[in-house]
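Student:
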Amino acid sequence: MDQLINILGWIGTILYLVAYGLVSAKKAEGDSWTYQGLNIIAGALLIVNTIYLHAYPSAGLNIAWVGIAVLTLGRKAWMNASHG
Numbered sequence: 007m008d009q010l011i012n013i014l015g016w017i018g019t020i021l022y023l024v025a026y027g028l029v030s031a032k033k034a035e036g037d038s039w040t041y042q043g044l045n046i047i048a049g050a051l052l053i054v055n056t057i058y059l060h061a062y063p064s065a066g067l068n069i070a071w072v073g074i075a076v077l078t079l080g081r082k083a084w085m086n087a088s089h090g
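Below, the structure is given as C-alpha cells:
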C-alpha cells in the first residue's frame with residue numbers, strides 16, 4: 007500500500023509541474039480547463055498521499071488548491087452558460 011500511495015503522490019507532483027509549465031510556456035491559460043483540470047487531478051492524488059502520511063498541513067494546502075480549481079471552472083462554466 008505504501009508504494010501505491012507514493013506513486014500517487016509522485017504522479018500528482020508531476021501533474022502540478024506539467025500544469026505550471028503549460029501556463030508558464032503560454033500553452034494554457036490560468037483559467038483553462040486544461041490547467042485547472044490538471045490541478046484538480048494532481049491535488050486529489052496529493053490529498054490521498056498527504057492524508058495517508060499524516061501530513062495534514064500539506065493536505066490542507068492541496069484541498070484549498072483543488073477548491074480554487076473547482077471554483078474557477080465553475081465560474082467559467084457559469085459565465086459561458088449565461089453568455090451563451
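Using this note's numbering, you'd call the opening residue of the sequence shown number 7 and step up by one each time.
Think of the CB as a built atom: it goes at the ideal place given N, C-alpha and C, for glycine as much as any other residue.
1. Check whether the Cβ atoms of Asn55 and Tyr22 lie closer than 9 Å to each other.
2. Flag this pair as touching only if the stretch 29-47 and the stretch 62-70 have three or more C-beta atom pairs under 8 Å; answer yes or no.
3. Where do the ends of the alpha helix (DSSP H) carrying Tyr87 lie?
4. Between Val29 and Ala50, is the Cβ-Cβ spacing less than 9 Å?
5. Tell me which same chain residues have a C-beta within less than 6 Å of the C-beta of Ile17, skipping the five on either side of it?
6. Report all residues from its chain with a CB closer than 8 Å to the CB of Thr19; omit the five preceding and five following residues, and keep chain order.
7. Terminal residues of the continuous alpha helix (DSSP H) containing Ser30?
Tutor: With the structure as the only source:
1. Translated into the one-based positions of the sequence shown, residue 55 becomes position 49. Translated into the one-based positions of the sequence shown, residue 22 becomes position 16. Not in contact: Asn55 and Tyr22 (Cβ atoms no closer than 9 Å).
2. No, because fewer than three Cβ pairs between the stretch 29-47 and the stretch 62-70 fall closer than 8 Å, the two stretches do not touch.
3. Taking the sequence shown and counting its residues from 1, the one referred to as residue 87 is at position 81. The displayed chain sequence assigns Ala, not Tyr, to residue 87. 62-88 is the span of the alpha helix (DSSP H), which, as asked, contains Ala87.
4. Residue numbering aside, residue 29 sits at position 23 when the sequence shown is read from its first letter. Residue numbering aside, residue 50 sits at position 44 when the sequence shown is read from its first letter. No. Outside cutoff.
5. Sequence index remark: in the sequence shown, residue 17 carries index 11 (1-based). These residues qualify, in order along the chain: Leu51.
6. Indexing the sequence shown from 1 puts residue 19 at position 13. Excluding sequence positions up to five before and after Thr19, its CB lies within less than 8 Å of the CB of Ala48, Leu52, all in the same chain and listed in chain order.
7. One-based indexing of the sequence shown puts residue 30 at position 24. Counted as a single uninterrupted DSSP element, the alpha helix (DSSP H) harbouring Ser30 occupies residues 8-30.
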